[in-house]
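There are 2 protein chains.
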Amino acid sequence: MKKKRVQEKIKARSVPFSQTRSRHASETAEDYVEAVLDLIDEKGECRVLDLSRFFNVSHVTVSRIVKRLNDADLLYTQPYKPIELTDKGYKLAKKSKKRHEIVLAFLIKLGVDKANAEIDSEGIEHHVSPSTLDAMKKFLK
Amino acid sequence: MKKKRVQEKIKARSVPFSQTRSRHASETAEDYVEAVLDLIDEKGECRVLDLSRFFNVSHVTVSRIVKRLNDADLLYTQPYKPIELTDKGYKLAKKSKKRHEIVLAFLIKLGVDKANAEIDSEGIEHHVSPSTLDAMKKFLK
DNA sequence: CATAATCCGTAGCCATTGCTACATTTATAC
DNA sequence: GTATAAATGTAGCAATGGCTACGGATTATG
Ligand SMILES: [Mn+2]
Ligand SMILES: [Mn+2]
Ligand SMILES: [Mn+2]
Ligand SMILES: [Mn+2]
């Protein structure tokens, strides 16, 4: 086969990797808004240190990310004040949480023990296309 | 509930995130050795530019990562020479490829179209515990 | 063998996400 | 109210993975 053809064939396989990188780029935002939603729900408010404990990272890491998500209009933060979700952040949180719950329930129904299902679903949720999510929903019914 | 108890409860939920970060840290190595294995198999040899096309990133990004994986004893590289796998790299590649194939076959059997299954499995493969992999294997039988 | 094309390395930039150390603000306790 | 504790912010470092620009090495072409 011609060299060019071989190269094009190789390049054609790059799509899943580009997509995976793109999904990883949105992962932090999704996990953070979901965490803020949960923490407000369970604790009444969400603080930097709550997120720091929730993710097991330093408060500095959280503080920087929260600032970026504030700039992205996903949440609202003021110095030394609790963190709140914007409308946009709330919608993303609800959608991410729903998807996460489906993935978790799916794994459990598939026969995975709860501990592993919780661990695996935390990563898998960000790599599930609408098509795959549909297939999981059908399996759950 | 006491404040301390609440904080411990929050901290307890951090395990999946720590695990997910750890898995993302091994993802590049897994994808690269798998790619080297495939490219040698299909093209006869694996070059920096092959990987650059395969992943759709610049040759500089590939070159830096290849150097790190060389230091980690996963592959063997010399300037301007083709890239080869070490024993350790070959073993990791085989294992990763096997797991990837199972995840892909699983998604297809679940009813996901091939294009989405290929995209999603590229990310999901790195978040599948032995427990989940077993469940997928059982489902395939 | 000389020239052109291709491949690859290096320098240097940016963004993200992890960290420790230290400063400042806010809340709690006395 | 003041001292202490807790929470948060800031400075600055490292690793990783993107990039462009440029130059040197290798290979192909004539
Ligand atoms: Mn989640
Ligand atoms: Mn997650
Ligand atoms: Mn992958
Ligand atoms: Mn992932």
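Here the protein sequences come in this chain order: A and B.
Residue numbering for the first sequence follows our numbering, beginning at 1 and increasing consecutively.
Residue numbering for the second sequence follows our numbering, beginning at 1001 and increasing consecutively.
Quick reminder that beta carbons are idealized off the backbone N, C-alpha and C, glycines included.
Bear in mind the structure is a predicted one, so any value in this text is a computation, not a measurement.
Helix, strand or coil for residue i per DSSP?
i, result
"Y32(A)", "helix"
"Y80(A)", "coil"
"L49(A)", "helix"
"L74(A)", "coil"
In or out: residue i buried (at least 16 other Cβ within 10 Å) or exposed?
i, result
"A1029(B)", "buried"
"L140(A)", "exposed"
"L69(A)", "buried"
"S1026(B)", "exposed"
"E1101(B)", "exposed"
"D87(A)", "exposed"
"A35(A)", "buried"
"D1050(B)", "buried"
"D71(A)", "exposed"
"R23(A)", "buried"
"R53(A)", "buried"
Contact criterion: CB-CB distance below 8 angstroms. Does residue i meet it with respect to chain B?
i, result
"V128(A)", "yes"
"P16(A)", "yes"
"L107(A)", "yes"
"I124(A)", "yes"
"Q78(A)", "no"
"A25(A)", "no"
"D120(A)", "yes"
"R13(A)", "yes"
"V6(A)", "yes"
"R47(A)", "no"
"S58(A)", "no"
"S131(A)", "yes"
"T20(A)", "yes"
Got a sec: is the Cβ-Cβ distance from residue i to anything in chain A below 8 angstroms?
i, result
"G1111(B)", "yes"
"I1010(B)", "yes"
"E1030(B)", "no"
"N1070(B)", "no"
"K1138(B)", "yes"
"K1114(B)", "no"
"K1098(B)", "no"
"V1033(B)", "no"
"D1050(B)", "yes"
"R1053(B)", "yes"
"K1043(B)", "yes"
"T1061(B)", "no"
"A1135(B)", "yes"
What number of angstroms, rounded off, separates the C-alpha of residue i from the C-alpha of residue j?
i, j, result
"A12(A)", "V6(A)", "10 angstroms"
"S199(A)", "E45(A)", "For residue 199(A) there is no data in the structure shown, the boundaries of chain A being 1 and 141."
"I124(A)", "V112(A)", "14 angstroms"
"A117(A)", "S1131(B)", "9 angstroms"
"V62(A)", "P82(A)", "13 angstroms"
"D1073(B)", "I1065(B)", "12 angstroms"
"V1048(B)", "E1122(B)", "21 angstroms"
"E1008(B)", "K94(A)", "25 angstroms"
"I1108(B)", "N56(A)", "35 angstroms"
"I1119(B)", "V33(A)", "25 angstroms"
"Y145(A)", "D41(A)", "Since the first and last residues shown for chain A are 1 and 141, residue 145(A) lies out of range."
"L1104(B)", "K1002(B)", "47 angstroms"
"S18(A)", "K1004(B)", "43 angstroms"
"Y1076(B)", "A115(A)", "38 angstroms"
"K989(B)", "F1106(B)", "Limits of chain B in this structure are 1001 at one end and 1141 at the other, which puts residue 989(B) out of reach."
"K1067(B)", "T20(A)", "23 angstroms"
"L1110(B)", "Q78(A)", "46 angstroms"
"L1092(B)", "L85(A)", "42 angstroms"
"P1128(B)", "S1058(B)", "First, the amino acid is wrong: residue 1128(B) is Val here, not Pro. The straight-line gap from Cα to Cα measures roughly 29 angstroms."
"D1031(B)", "K98(A)", "29 angstroms"
"Y90(A)", "Y1090(B)", "45 angstroms"
"L1133(B)", "P16(A)", "21 angstroms"
"D1038(B)", "V1060(B)", "21 angstroms"
"I10(A)", "S96(A)", "33 angstroms"
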